[in-house]
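Contents: one structure, followed by commentary.
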Amino acid sequence: MPTDFFETVNSLAQEELSLYKFLGALVDDEEQRVKNSDMEGLLNILQQKQSVISRQEVLLERWNDISSSLGIADGREGPVFWNALASRIGESGYNQIVTNIIEIKELGQRLLDRESEIRAELEENLAEMRATLLKMGRNRTAMRGYSRGMSAF
Numbered sequence: 000m001p002t003d004f005f006e007t008v009n010s011l012a013q014e015e016l017s018l019y020k021f022l023g024a025l026v027d028d029e030e031q032r033v034k035n036s037d038m039e040g041l042l043n044i045l046q047q048k049q050s051v052i053s054r055q056e057v058l059l060e061r062w063n064d065i066s067s068s069l070g071i072a073d074g075r076e077g078p079v080f081w082n083a084l085a086s087r088i089g090e091s092g093y094n095q096i097v098t099n100i101i102e103i104k105e106l107g108q109r110l111l112d113r114e115s116e117i118r119a120e121l122e123e124n125l126a127e128m129r130a131t132l133l134k135m136g137r138n139r140t141a142m143r144g145y146s147r148g149m150s151a152f
């Protein structure tokens, strides 16, 4: 029979996993906005992502509270936390939570990799846009010079 403590920790892991999945959908949208050079849409996505990051920070605080309740100061990142958690909730509950945590870590790494690719594409697009704007500026200058030259006739 699951304990209240297990339910609390399991709920926290599931909430974090849901947040990462939502972040994955935002990254998909971000990628499309970059490909379409939709800067306004990209800014909207970045604002939404900031909100998700804020929610992740709240979840991290809740994990720290769990860690403190287990008498551990280092948070969930070390083996001491996971050993204490396993002792507190039993093997089956522990395995269920660890499965979610592994999925969270894998998803998080994939998102970081994709973010890096998207950032590189955005930088490439920005370089192309700058070159285009620079060329347009030169063309305008040439047109003004041509117009001035033609008005002399």
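Using numbering that gives the first Met the number 0, you'd call the opening residue of the sequence shown number 0 and step up by one each time. Where a beta carbon is used, it is the ideal one built from N, C-alpha and C, also for glycine.
If residue i sits next to residue j, beta carbons under 8 angstroms apart, how far is it from one beta carbon to the other, in whole angstroms?
i: residue 32; j: residue 40; result: 4 angstroms
i: residue 16; j: residue 94; result: Rounded, the Cβ-Cβ distance is 15 angstroms, inconsistent with contact.
i: residue 65; j: residue 8; result: 6 angstroms
i: residue 36; j: residue 124; result: 6 angstroms
i: residue 196; j: residue 51; result: Because the chain spans 0 through 152 in this model, residue 196 falls outside it and cannot be assessed.
Counting C-beta neighbours from all protein chains within 10 Å, is the total for residue i 16 or more, i.e. buried, or is it exposed?
i: residue 111; result: exposed
i: residue 45; result: exposed
i: residue 149; result: Low per-residue confidence applies at residue 149: pLDDT is 46, beneath 50, and the placement is therefore not dependable, though the value from the model is reported in the following sentence. It counts as exposed.
i: residue 29; result: buried
i: residue 12; result: buried
i: residue 101; result: exposed
Do residue j and residue i have their beta-carbon atoms positioned less than 8 angstroms apart in this structure?
i: residue 88; j: residue 5; result: yes
i: residue 83; j: residue 69; result: yes
i: residue 18; j: residue 55; result: yes
i: residue 59; j: residue 14; result: no
i: residue 63; j: residue 77; result: no
- Task: Mind listing, in chain order, the continuous alpha helix (DSSP H) runs of no fewer than 4 residues lying wholly within the segment 33-91?
- Result: Fully enclosed alpha helix (DSSP H) runs of 4 or longer: 38-68 and 78-88.
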